[in-house]
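Participant: First residue of the sequence shown: 293, per this note's numbering; consecutive thereafter.
Glycine included, every Cβ here is placed at the ideal spot set by N, Cα and C.
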Amino acid sequence: MEVVINEAQELYVLKQPMGYSCLGFDVVLREIRLMATRIKPLGWLNAHVQTLQRGSMEAYEVYRQALDHLRQSRIQTETWFDEETPAALKKVLEACRRDGTRVRLWYGDRHSGRSWMDENDVYGTIGRSGGTIRIPLICPPRSSSGSALRDGSIVRIDDVIARKTLWAHRKFHLPETVLQAISPPMETDGQRYVVEALVEGKTHARFGSWDEAGHWLAMQSGRCLDNPEKDD
Numbered sequence: 293m294e295v296v297i298n299e300a301q302e303l304y305v306l307k308q309p310m311g312y313s314c315l316g317f318d319v320v321l322r323e324i325r326l327m328a329t330r331i332k333p334l335g336w337l338n339a340h341v342q343t344l345q346r347g348s349m350e351a352y353e354v355y356r357q358a359l360d361h362l363r364q365s366r367i368q369t370e371t372w373f374d375e376e377t378p379a380a381l382k383k384v385l386e387a388c389r390r391d392g393t394r395v396r397l398w399y400g401d402r403h404s405g406r407s408w409m410d411e412n413d414v415y416g417t418i419g420r421s422g423g424t425i426r427i428p429l430i431c432p433p434r435s436s437s438g439s440a441l442r443d444g445s446i447v448r449i450d451d452v453i454a455r456k457t458l459w460a461h462r463k464f465h466l467p468e469t470v471l472q473a474i475s476p477p478m479e480t481d482g483q484r485y486v487v488e489a490l491v492e493g494k495t496h497a498r499f500g501s502w503d504e505a506g507h508w509l510a511m512q513s514g515r516c517l518d519n520p521e522k523d524d
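1) For Ile453, count the other beta carbons within 10 Å of its own beta carbon; 16 or more makes it buried, fewer makes it exposed. Which is it?
2) Taking the C-alpha atoms as reference points, what is the distance between Tyr485 and Val470?
3) What did DSSP end up calling Met511 once you bin it into helix, strand or coil?
4) Name the DSSP beta bridge partners of Tyr284, please?
5) In three-state terms, what does DSSP make of Thr417?
6) Could you check how far apart the C-beta atoms of Arg346 and Leu321 are, in whole angstroms? I think they sit under 8 angstroms.
7) Comparing C-alpha positions only, which one of Leu490, Arg455, Gly311 and Arg420 sits nearest to Ala440?
8) DSSP three-state call for Gln364: helix, strand or coil?
9) In whole angstroms, give me the CA-to-CA distance for Arg402 and Arg448.
10) Would you give the residue range spanned by the beta strand (DSSP E) that Ala387 belongs to?
11) How would you call Cys314, buried or exposed, if buried means at least 16 neighbouring beta carbons within 10 angstroms?
12) Whole angstroms is fine: what's the gap from Ser445's alpha carbon to Ala328's?
13) Would you call Trp336 buried or exposed, if buried means 16 or more other Cβ atoms sit within 10 Å of its Cβ?
14) Helix, strand or coil: which one does DSSP assign to Glu478?
15) For Gln472, I'd like the list of residues in its chain whose CB is within less than 8 angstroms of its CB, leaving aside the five on either flank, ordered along the chain.
16) What does DSSP give as the partner residues of Ile528 in its beta bridges?
17) How close, in whole Å, do the beta carbons of Asp450 and Val414 come, if the pair is a contact with beta carbons under 8 angstroms?
Printed below as a string of structure tokens:
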């Protein structure tokens with residue numbers, strides 16, 4: 293496998309038979325540090341943690357050697373959470389994974405608690421990847437596979453069925469959001485829009501009716517937990 297360093301984007305670009313994948317400079321150093329502290333057989337990594345240069349080929353090689361060691365030893369980690377994930381949230385996520393709880397997630401700024409108003413990959417159940425380092429996943433209902441969970445950026449998680457908040461950042465909030473009429477209505481690709489949502493003064497979304505806009509805002513605030521993808 294060929295590895296190229298992209299200095300401009302701060303990425304290791306990995307050329308593989310089926311295409312390309314990327315790893316960030318900071319991701320590689322963080323994972324080396326976490327493997328050194330969390331996995332006893334990889335204690336030898338401690339000698340490298342303070343000396344590796346960010347973005348160097350040496351750093352990537354140490355990372356690769358650590359993963360190879362794990363695969364050969366057949367070690368499987370517990371759920372591999374982000375180092376910034378609060379302990380209380382880890383417990384909630386693990387309980388949700390074990391119980392198959394249907395959840396609604398809010399991602400946002402881990403310091404301010406401000407929601408990013410995401411709409412993708414925020415409904416489902418909590419899963420866990422296979423392999424050596426088992427990361428948490430957000431999976432569509434009735435599926436055991438899904439997307440990587442950005443657990444370090446979760447600012448709220450609700451139980452969809454019980455309709456209650458399981459954990460929230462102590463400062464959780466939405467950014468300033470205003471719904472206003474589009475006058476005259478806008479037509480794009482055959483779709484007519486009459487309402488737009490302004491988030492901190494900038495257009496964030498447009499809607500075909502006030503009912504649709506109100507439902508969207510209710511979902512963002514957590515007053516409504518219905519999955520708009522209607523997967524039931």
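Facilitator: Reading it off the structure:
1) Label assigned to Ile453: exposed.
2) Cα-Cα distance, rounded: 16 angstroms.
3) If DSSP states are grouped into helix, strand and coil, Met511 belongs with the helices.
4) In the structure as shown, the chain begins at 293 and stops at 524. Residue 284 is therefore absent and cannot be evaluated.
5) Residue state, collapsed to three classes: strand.
6) With 8 angstroms as the limit, Arg346 and Leu321 qualify as a contact, their Cβ atoms being about 6 angstroms apart.
7) That would be Arg420, whose Cα lies nearest to the Cα of Ala440.
8) Gln364: helix per DSSP, three-state reduction.
9) Straight-line Cα distance between these residues: approximately 10 angstroms.
10) From DSSP, Ala387 is part of no beta strand (DSSP E) but of the alpha helix (DSSP H) over Ala379 to Asp391.
11) Exposed is the call here.
12) The straight-line gap from Cα to Cα measures roughly 23 angstroms.
13) That one is exposed.
14) Per the sequence shown, residue 478 should be read as Met rather than Glu. Met478 falls in the strand class under three-state DSSP.
15) If we look at Gln472 and ignore the five residues flanking it on each side, its Cβ neighbours are Val487, Glu488 and Leu490.
16) With the chain running from 293 to 524 in the structure shown, residue 528 is simply not present.
17) Not quite, the Cβ-Cβ distance comes to about 10 angstroms (not below 8 angstroms), so this is no contact.
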